[in-house]
Amino acid sequence: SHFWAIGQTLLSRFWSLFSPQVYHACVKKNGEIVMASGAILSAVNLFKSGVGPKAQIEKLGLPFVLDVPQLGQRFSDRIVVPVGVFLTQRQQQTFSKPRISDVIGFKAFGPDCSDFKIGAHSLKCTQVIVETMYGPHAMDGPIYAARALVPPHLRNTRLVEAIFQVFSRCTQLSKKERLLQPVCFLLRRAIDCASRTAVQFSFISEPKSRGSVSLERDGTVKVEANYLDDPQDFFDAVRGVQTAIERVNGDAFRGLIDSVGRTACPVMLLDGFLQIVTRLLQETSSPSLTPAHLEQ
């Protein structure tokens, strides 16, 4: 009987893999429903149920249940504004382990901070918060996701897409594995630079800009973040960047950051990128480029 019970348990778990998944919502007193679908999808799910701004529900052509004008229209997100640097090779071992917020600083910054209070911000004075992050992947966002090395109008081309995918794959290999991949060998200096990064970043403590989400009849979800839309947020971001740059250029970072010159990391990253572009243009036509083709 013991083995029979185990067999039934295993069989039921096996069939559960192919059976439809059932999700439950917590219904509290007075009909209150607790959802946990995230900020965006919670609003979208309610739109599909006929709950939300009246114009939104009418656009979907669904039965109107409840008018909630502010649903999905007042999103707030604290945007992080980074200032990235490359550490010297001597400092690479010291800062090789990923860390975030080891150091944090606050500063009242603006033309008139005489009556400044913690948590308050105005066009006259901003509470600037600067934190640190370092490690082998501290600048993966600006390098791989934002593709800051490439002009904005080229960042979504197939050529650039393929090159950065290969760049990302090469960084995930060990040093010995990269020696077996010719394209990764070309990128060795750029990969070394990308592994010794640090970031000073600031963020807006209480953003005033508001984002929104909408749902189209074909199921398309549109999100308007509206970052830095409010003048206050824009000024806070500028003051945060200014403070971070002042810190990086100060005495505290002297000897820690890669010096400017022909062998500086931004030059090495751009050099590696251009070497791959040159080889690709010599060997193939751009419409046929894929990450698999690049590795070949």
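Residue numbering for the sequence shown follows the UniProt record's numbering, beginning at 1 and increasing consecutively. Don't be surprised by glycine CBs; every beta carbon is placed ideally from N, CA and C.
What are the boundary residues of the alpha helix (DSSP H) that residue i is part of?
i: Ile-40; result: 38-48
i: Lys-175; result: 175-179
i: Leu-215; result: Not the alpha helix (DSSP H): Leu-215 falls in the beta strand (DSSP E), residues 212-215.
i: Ser-168; result: 158-171
i: Arg-232; result: The sequence as given places Gln at residue 232; Arg does not occur at that position. Segment 231-248, the alpha helix (DSSP H) holding Gln-232.
i: Glu-224; result: Here Glu-224 belongs to no alpha helix (DSSP H); instead the beta strand (DSSP E) covers 221-224.
i: Lys-59; result: 54-60
Terminal residues of the continuous beta strand (DSSP E) containing residue i?
i: Gly-105; result: 99-109
i: Ile-191; result: Taken as a continuous stretch (DSSP letters only), Ile-191 belongs to no beta strand (DSSP E), being part of the alpha helix (DSSP H) at 188-194.
i: Ala-198; result: 197-203
i: Gln-127; result: 126-135
i: Phe-86; result: 80-86
Below 8 Å on the Cβ atoms is my guess for residue i versus residue j; work out the distance and round it to an integer in Å.
i: Thr-88; j: Gln-200; result: Not a contact, Cβ separation roughly 16 Å.
i: Asn-45; j: Ser-37; result: 6 Å
i: Gly-272; j: Val-130; result: Contact doesn't hold; Cβ gap of about 30 Å is too wide.
i: Arg-99; j: Tyr-134; result: 6 Å
i: Cys-184; j: Cys-193; result: The Cβ separation is near 14 Å, so there is no contact.
i: Val-128; j: Ser-202; result: 6 Å
So, residue i versus residue j, is the Cβ gap smaller than 8 Å?
i: residue 337; j: Thr-243; result: The requested residue 337 does not occur in the structure, where the chain is confined to residues 1 to 296.
i: Ser-212; j: Gly-72; result: yes
i: Pro-204; j: Arg-74; result: It is worth fixing the name first, because residue 204 is Ile in this sequence and not Pro. Not a contact, by the Cβ cut-off of 8 Å.
i: Arg-189; j: Met-139; result: no
i: Ser-174; j: Gln-56; result: no
Checklist entry - Can you find at least 3 beta carbon pairs, one from the stretch 221-234 and one from the stretch 156-165, that sit closer than 8 Å? => result no
Checklist entry - Just checking, does the stretch 246-257 make contact with the stretch 74-86 on the three C-beta pairs under 8 Å criterion? => result yes
Next on the checklist: Pairs of beta-carbons, one from the stretch 114-128 and one from the stretch 225-240, closer than 8 Å: are there three or more?
Outcome noted: yes
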